[in-house]
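Numbering (this note's numbering), first residue to last: 1 to 326. Beneath this line is the structure, given in C-alpha cells, with notes to follow.
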Amino acid sequence: MPKVELHVHLEGSVRPETLLQLAQRNGVTLPATDLEGLRKWYQFSSFEHFVEIYVALSKCIRTAEDVELITRQFLAGQAEQNIVYSEATLTVWTLKRLAGIALDDQLAAVNRAREWARHDLGVEMGLIIDIIREESPEDGLAIAEWAVKNHGNGVVGLGLSGIEAKTNPAVHAKAFQLAREAGLPISCHAGETQGPWSIWSCLNDLGADRIGHGVRCLEDPDLVAHLRDQQIPLEVCPSSNVCLKVVNDWHSHPLRQLHEAGLTITLNSDDPPMFGTTLTQEFERAHLDQGIPLETLKDWSLQAAGNAFLPEAEKADLMTSVMAHS
C-alpha cells in the first residue's frame, strides 16, 4: 500500500548504527557504544528526558555532509516502506547553534538528498522547518523569515515543537503571522503532553493548518467539534505516545475514539528508531491492536496525501497516485 507520512523528524530518524558512526567520527561521547546500549538509552522516563536525549543525538550531527547522509538514509528507508511522499521536520536553528552549520548549507544538503531520492528511488519529500517553543520570539521570527524565503526551495511548511508546558504558543505569534501572510502552511505539535488549551492556542494564535499529535483534544467536546467541522488534520503518532507515556499502551490509545469522533486522521512514526517503530508497523498495529479496518487505513493514507503542504496540482497528483495503487 502506498503511504504518505506528514509527521517525522529527520534528526529523530537517524539509524542507530549511523548515530554510533557519527559520534565516533565527530568525537562525541554518548552514554552507549553499541546497538544494545542505544536501545537501553532509548527508554524514556518522561517527555523532558526524551528531549535531553534528542539534543544529545543532535550534537552528533556536525556537518552539512552529516545532514545529507541522514536524509539519504531516511529517504531510502521511506522508499523501502513504499512511502511515496514524506514531510520531514528539521530543527535547523538547533543544528546551527550546536554545530555552526549554516541554515543555507543544511538546506542544500537536504535538497541534494531529495534530488537523489527523486531520481533513484522515486520518492519525494518536503521539509518543515520548526521553531522550538523555548526559542526567543526574535529567533523564532528569524527562523520564520528564512523558511518563508525558501518556500518552494524544498521548504513546504513552518512548525512548532518543544516542551508544551514551558511556553505558550502565542509567544511566537509574529513568526507564524509572517508565515501565514506569505502563504507558508503551518503545523504545530500540541495536545500531546498538555491538554486542549495548547491546541486552541495553536489554532487561534498561530493559525495552524494541522496539529501534530492532538490526542488530548478528546478532553474538550467543543474542540473535537471544531476540529471535525473545520477538517483540521491530526498527525497521530501512537507508538510515540506510548513510549513517552502519554498513554499506557497501544490498546489504550485513543486512535479509534479519534476516528469515531469523525476527525481527520493521519498516521505517523514521529522518531521511528527512537520509538522502535516504522510507519508500516504503525499501520499494522492500528489494524491488529485497535481493529482499524484495512479500508480505513487506506483512507488515512489518502487523507495524508490530501493534507500535504503541496500546491494543489501536486497534491492532486499525489492523491491520484495513492488511490491508483492502494
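Just so it is clear, CB atoms sit at the ideal spot from N, CA and C, and this is done for glycine as well.
Asked	Found
So what does DSSP say about R228, is it helix, strand or coil?	helix
Can you check whether the CB of V28 is closer than 8 Å to the CB of C60?	yes
Suppose contacts are defined by Cβ-Cβ distances below 8 Å. Is L234 in contact with I186 by that definition?	no
D130 lies in the beta strand (DSSP E); which residues open and close that run?	124-132
One question on the structure: do V256 and Q281 come within less than 8 Å of each other, judged by their Cβ atoms?	One detail in the question is off: residue 256 reads as Arg in this sequence, not Val. No, Cβ-Cβ distance for R256 and Q281 is not below 8 Å.
If we require 3 or more residues per run, which beta strand (DSSP E) segments fall completely within the region 180-218?	186-190, 210-213
Can you tell me whether T266 is helix, strand or coil according to DSSP?	strand
Just to check my reading of the structure: A208 and C188 have Cβ atoms closer than 8 Å, yes? What is that Cβ distance to the nearest angstrom?	4 Å
Quick test of your reading: L318 and A308, contact by CB under 8 Å. State the CB separation rounded to the nearest angstrom.	6 Å
How big is the Cα-Cα spacing for W197 and G191?	8 Å
Count the other CB atoms within 10 Å of the CB of G12; is the residue buried (16 or more) or exposed (fewer)?	buried
State the DSSP-derived secondary structure class of S239, mapped to helix, strand or coil.	helix
If you pair each beta-carbon of the region 90-110 with each one of the region 56-71, do three or more pairs fall below 8 Å?	yes
Using the three-state DSSP reduction, which class does I143 fall into: helix, strand or coil?	helix
With DSSP run on the structure shown, which of helix, strand or coil describes K3?	strand
Restricting to runs no shorter than 4 residues, where is the alpha helix (DSSP H) found entirely within the region 259-314?	279-290, 294-306
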